[in-house]
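Asker: Heads up: the sequence shown is residues 303 to 677, going by my numbering.
Note that CB positions come from ideal geometry on N, CA and C, so glycine has one too.
The structure's right below; bear with me while I get my questions together.
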Amino acid sequence: SVSVQVDGDKLAEAMRRVTPFMAEGSPINLAAVFAEAQGGVLQLTATDGVRMAHLTVALPFPDGNWLLKAAGCKDFSQRHYNGAAIEAAVGEGDPPASLKLGDVVVDLEATPYINYPEAVPEHFDTEAIIDTKAWIKAIRKAKAEIVGVVFSSAGTRLFLQTRDGETSACEPVPVQMFLGPDKHVAYNAEHLRRALTSCGATATIQVGDPAKATLFEADDYWHILMPHTVFPKEVTLTLSQRDALKWAQEALEAIRTGEVPGLVLIGGGKFYLELGGDRSQAEVRVSEPRLGVPEIQALKAAVREVLEYAQAEIDAGSLGENDPNQGKVNRVRELLGEDEDDAALREIHEADPSDPDMITEGPNHEEPVEGEPTT
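As structure tokens, then:
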């Protein structure tokens, strides 16, 4: 039988770079690593149909094309040889049924492998060279399920969507070089993270049609990844800002219920929150929004649309003349007829103090002292 001596650790490391991308169980010819060896150059390919990894490395290996079954590949990839050489030998039989790598027997699959070069897109017009560490860190921190990447000369950005559908923006990630038109492409987060990790510290990303595979390249390695079909929402809140907002919501609720002493001031488009300190009481104050004439007119127009709908309900007999809601409709009509916009707006707010969207008071409510800042 044919056999060669090879650095065991280097061969195991090469296997580790491609084995995560094999198919799980089926089809059987993809639940394997395709090894092509010729003249001391070894090429390893693995794909699950959604992503594909290909490594070229200078290592002795029995010449030929070998489809190595998953179980043996995984077993060997986890071995450590402390720099020692091992024997890579072709097993008995014609054709042989296995290869022996050190003390690991790797069974061979007889089913032909796919013509994998045909799966690699040929046309790309956007290219970015990136430091993978910052991208990987952002994906892990957000525990994202889907990552939307905006490749742009103005700054490449990530939008990270979690399993529950929440999306946060990432600060612009570092890009060493960018060429070509802007592209929006979404990826499965775990697939993207593994692709970047397998590339090493630096990766060249090439994008053509956003609906087709993206190519990730490193010195001796390339990886293609099919995109996700839905791009996450392009939100403005970062993960840290979203976490801060959640904390503020919890703190506000604790103050509102009196569980935690604190002060909340709301008004003029601003929000102020103060916890604990020397306070012994919880307090929420609301001041009138400082709206300009255009905003007031827009609000009035919206209210008039609601009134028209209510009037149609009255005309259709759905709302009787003695219905208490009829009085509310008439009252709002009167308010809209006043000359002073601010007064009208204030009275509209006060027309239904039970409106859940208006926080009017909490425990120990006080009106703002005249001259005291409320924002």
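Enumerate in chain order the residues of its own chain whose CB-to-CB distance from residue 514 is below 7 Å, with the five nearest sequence positions on each side excluded.
Answerer: 423
Asker: May I have the straight-line CA-CA distance separating residue 421 from residue 498, to the nearest angstrom?
Answerer: 20 Å
Asker: What's the C-alpha gap between residue 363 and residue 326?
Answerer: 26 Å
Asker: Tell me, to the nearest whole angstrom, how far the beta carbon of residue 314 is from that of residue 378; I am working on the premise that it is less than 8 Å.
Answerer: Contact between residue 314 and residue 378 holds: their C-beta atoms lie close to 6 Å from each other, under 8 Å.
Asker: Hey, which unbroken runs of the beta strand (DSSP E) at 3 residues or more fall wholly within the stretch 482-561?
Answerer: The DSSP assignment places 485-490, 504-509, 516-520 and 523-527 as complete runs of the beta strand (DSSP E) inside the stretch 482-561, in order along the chain (cut-off: 3 residues).
Asker: When the distance is taken between beta carbons, is residue 410 closer than 9 Å to residue 369?
Answerer: yes
Asker: Compare the C-alpha of residue 425 against each of 336, 342, 510 and 365 and name the closest.
Answerer: 510
Asker: Note down the Cα distance separating residue 526 from residue 558, rounded to an integer number of angstroms.
Answerer: 52 Å
Asker: In whole angstroms, what separates the C-alpha of residue 347 from that of residue 522?
Answerer: 12 Å
Asker: Sort 358, 488, 553 and 393 by Cα distance to residue 535 and report the nearest one.
Answerer: 488
Asker: Taking the straight line between their C-alpha atoms, what separation do you get for residue 547 and residue 494?
Answerer: 28 Å
Asker: Between the stretch 400-408 and the stretch 447-455, are three or more C-beta pairs nearer than 8 Å?
Answerer: no
Asker: Identify, in the order they occur along the chain, each residue of the same chain with its Cβ nearer than 7 Å to the Cβ of residue 338, setting aside the five sequence neighbours on each side.
Answerer: 345 and 367
Asker: Which residue wins for smallest C-alpha separation from residue 554, given the options 341, 576, 356 and 466?
Answerer: For the residues 341, 576, 356 and 466, the minimum Cα distance to residue 554 belongs to 576.
Asker: So which of 441, 308, 433 and 478 has the shortest CA-CA distance to residue 359?
Answerer: 308
Asker: Run through the stretch 397-470 for me and flag every whole beta strand (DSSP E) of 3 or more residues, listed as ranges in chain order.
Answerer: 400-403, 406-409, 428-433, 448-453 and 459-463
Asker: Beta-carbon within less than 8 Å of residue 416's beta-carbon, same chain only, minus the 5 sequence neighbours each way: which residues are those?
Answerer: 331, 332 and 349
Asker: Does the beta-carbon distance from residue 538 to residue 433 come in below 9 Å?
Answerer: no
Asker: With 16 as the cutoff for other CB atoms within 10 Å, does residue 532 come out buried or exposed?
Answerer: With fewer than 16 other Cβ atoms within 10 Å, it is exposed.
Asker: Run through DSSP, which three-state label would residue 341 get?
Answerer: coil
Asker: Which value, in whole angstroms, describes the spacing of the CA atoms of residue 455 and residue 398?
Answerer: 53 Å
Asker: Check residue 360 in the structure and name its three-state DSSP category.
Answerer: strand
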